[in-house]
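Number of protein chains: 2
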Amino acid sequence: MAHTDTKKRILDAAEKLFAQQGFYATSLRMLTKEAGVNLAAVNYHFGSKEELIKAVFGRRMLPLNKMRLERLQNIKDSASAEGRPPDIKEILLAFIEPTFEFRKSGKGAQDFISMISRAFSDPRDTVRKLFLNMVEPVFQLLFELLCEALPSLPKNIVYWRLNFMIGAMAHAMSMSQMCQLIPDGLVLKVDSVSLAEQFVNFVANGLEAPL
Amino acid sequence: MAHTDTKKRILDAAEKLFAQQGFYATSLRMLTKEAGVNLAAVNYHFGSKEELIKAVFGRRMLPLNKMRLERLQNIKDSASAEGRPPDIKEILLAFIEPTFEFRKSGKGAQDFISMISRAFSDPRDTVRKLFLNMVEPVFQLLFELLCEALPSLPKNIVYWRLNFMIGAMAHAMSMSQMCQLIPDGLVLKVDSVSLAEQFVNFVANGLEAPL
DNA sequence: ACTAATTTAAAACAAACGTTTAAATCAAAC
DNA sequence: GTTTGATTTAAACGTTTGTTTTAAATTAGT
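Chains as they are written, first to last, in our numbering: chain A, 1339 to 1549; chain B, 1339 to 1549.
In structure tokens form, the structure reads like this:
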């Protein structure tokens, strides 16, 4: 029964190759060879290469976003129930932990994360907008919560700082590939737990900076 | 005499299209049409598309890096002359201001900045390493200075925080293209001066965060 | 065992790519 | 004015791309 998991084999190979080489540089011929399926299988199952990209995105992003939304909504509910502003580090962890946890779950997940980190600034409208539309609800809620947590800051400043944070996160996530710039004699802990902690530490302080 | 500035016309068009559509998606046919030159002119003047990419990078990066290195070196010298650690905001401004200033200098410069922001995480080794090699000396000196400015922090933590900063900067620089995620009723000041200030404010606080 | 949905194989498709070639054109030196 | 060398031009090169098509082989479900 090599045929029921054909779609999954394609998605896995696409995730891997898209992450390693990008969408453009990955041809359907490499991809189907890596997946061990026929060249025509992609167009048969997904219709086109672009639809395959959408499917690769959606398979991971939908559950990941659902988790983030739930945690953010919980924070919002309990904060408004107790009549206090939400806590910043709590907000950040709700957004970040699912990503870091998922990233630790395997090589495929790691590939996926570096892929979406790049999709954020993809020059092609189709790819970037596809990704942005998926992230938008999370982004909106995150922005809303941060504004409540930082009531003394103008909203447009919160907005910029939120984007600084997103850039820092995207870069940290895709850094495994580009670690050429490591100064001599520097031992890097790649432990994801402490990386998440350090990240929250850094960003929380930045967000709370006085004007 | 439309032939003496052919190289410049190609570089300008390449800078614009590479920034807007990426290296892969920009064909030499679009590029030469945009530049108003013959298709073969690229291979005649630059040898190949990859050499053209190098030239586009180098034309702006070399003077930009030179400026950054000079300012950073000045900070290092005067700090060691006065026997005190360098100031963090001073360091950040030395690195950031040339970029923001250059970015304000025109549309071509703006295109270029979003281009190199993307080159940082380019999936193709050739493009990414080309860029990293150009940035490396600045990165090293920046890291060295930050370690001196933050003597209480372990070096690997300084390293991570430096990378958070770089990610935040790259994202902020390429954000002009992707501003789809703007919440309703939010007025964004795109004034580069205040953006640089806000950026330094954010990053300086993040860098100085307690463990 | 019949039907319908997959999978494979091999081939071909038009389109676009980077690159190369050879002739035409130009600027300047003699 | 002619020659020389650098530049521009138009056309073609060979490859690769995503996609489609053909047919045969395989599988799953009623």
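Note that beta-carbon positions come from the ideal geometry of N, C-alpha and C, so glycine has one too.
Kindly indicate which residue of the options has the alpha-carbon position closest to the one of residue i.
i: A/F1450; options: A/S1365, A/A1432, A/F1433, A/F1469; result: A/F1469
i: A/A1357; options: A/E1408, A/N1403, A/A1457, A/T1344; result: A/A1457
i: B/G1444; options: B/G1544, B/D1350, B/E1546; result: B/D1350
i: B/L1431; options: B/K1467, B/E1546, B/K1345, B/Q1536; result: B/Q1536
i: A/F1502; options: B/L1549, B/Q1448, B/A1508; result: B/A1508
i: B/I1391; options: B/E1474, B/L1369, B/R1499; result: B/L1369
i: B/P1436; options: B/N1403, B/K1387, B/N1494, B/E1420; result: B/N1403
i: A/F1477; options: A/L1410, A/S1386, A/A1373; result: A/L1410
i: B/V1538; options: B/I1454, B/F1438, B/N1494; result: B/F1438
i: B/I1495; options: B/I1454, B/V1473, B/A1363, B/A1547; result: B/A1547
i: A/N1376; options: A/Y1362, A/T1344, A/E1389; result: A/T1344
i: A/Q1448; options: A/E1353, A/L1545, A/R1347; result: A/E1353
i: B/I1413; options: B/E1486, B/Q1359, B/F1540; result: B/E1486
i: B/S1452; options: B/G1360, B/K1346, B/L1545; result: B/G1360
i: B/R1499; options: A/D1415, A/G1446, A/V1541, A/F1433; result: A/V1541
i: B/I1504; options: B/I1454, B/L1366, B/L1491; result: B/I1454
i: B/D1425; options: B/N1381, B/L1488, B/R1466; result: B/L1488
i: B/L1355; options: B/I1434, B/E1389, B/N1381, B/V1394; result: B/V1394
i: A/T1464; options: A/K1387, A/L1480, A/K1442; result: A/K1387
i: B/V1473; options: B/L1549, B/M1399, B/A1378; result: B/M1399
i: B/A1534; options: B/S1365, B/V1380, B/F1433; result: B/F1433
i: B/R1462; options: A/K1467, A/Y1362, A/K1493; result: A/Y1362
i: B/E1372; options: B/A1506, B/K1442, B/I1348; result: B/I1348
i: A/S1512; options: B/Y1382, B/D1460, B/G1385, B/D1415; result: B/D1460
i: A/K1427; options: A/R1397, A/M1405, A/L1480; result: A/L1480
For residue i, report the span of its alpha helix (DSSP H) as first-last.
i: A/A1373; result: 1366-1373
i: B/R1462; result: Premise fails: B/R1462 is in no alpha helix (DSSP H) and is neither H nor E.
i: B/A1351; result: 1344-1359
i: A/M1513; result: Looking at the DSSP string, A/M1513 is not in any alpha helix (DSSP H), and its letter there is neither H nor E.
i: B/N1376; result: Neither: B/N1376 is in no alpha helix (DSSP H) and is coded neither H nor E.
Contact set between the region 1420-1433 of chain B and chain A, restricted to residues whose Cβ is under 8 Å from the partner: Listed in sequence order: no entries.
Ignoring anything shorter than 3 residues, give me the beta strand (DSSP E) runs that lie fully in the region 1400-1431 of chain A, in order along the chain. Counting whole runs of 3 or more residues, the region 1400-1431 of chain A contains no beta strand (DSSP E) stretch at all.
Mind listing which residues of the region 1389-1413 of chain B have their C-beta closer than 7 Å to chain A's C-betas, in chain order? If the cut-off is 7 Å between Cβ atoms, the region 1389-1413 of chain B has nothing near chain A.
Considering only residues of the region 1472-1511 of chain A, which uninterrupted alpha helix (DSSP H) runs meet the minimum length of 4 residues and lie entirely inside it, listed in chain order? If we require 4 residues or more, the alpha helix (DSSP H) runs fully inside the region 1472-1511 of chain A come out as 1493-1511.
According to a CB-to-CB cut-off of less than 7 Å, which residues of the region 1470-1485 of chain B neighbour chain A? Here the close residues are L1470, E1474, F1477, Q1478, F1481.
Give the residues from the region 1490-1513 of chain B that approach chain A closer than 8 Å (Cβ to any Cβ), ordered along the chain. Within the region 1490-1513 of chain B, the residues whose Cβ lies closer than 8 Å to some Cβ of chain A are K1493, N1494, I1495, Y1497, W1498, R1499, N1501, F1502, M1503, I1504, G1505, A1506, M1507, A1508, H1509, A1510, S1512, M1513, listed in chain order.
Counting only Cβ-Cβ distances shorter than 8 Å, please list the residues of the region 1355-1380 of chain A near chain B, keeping chain order. Of all residues in the region 1355-1380 of chain A, only A1357, Q1358, Q1359, G1360, Y1362, A1363 come within less than 8 Å of chain B when Cβ atoms are compared, listed by chain position.
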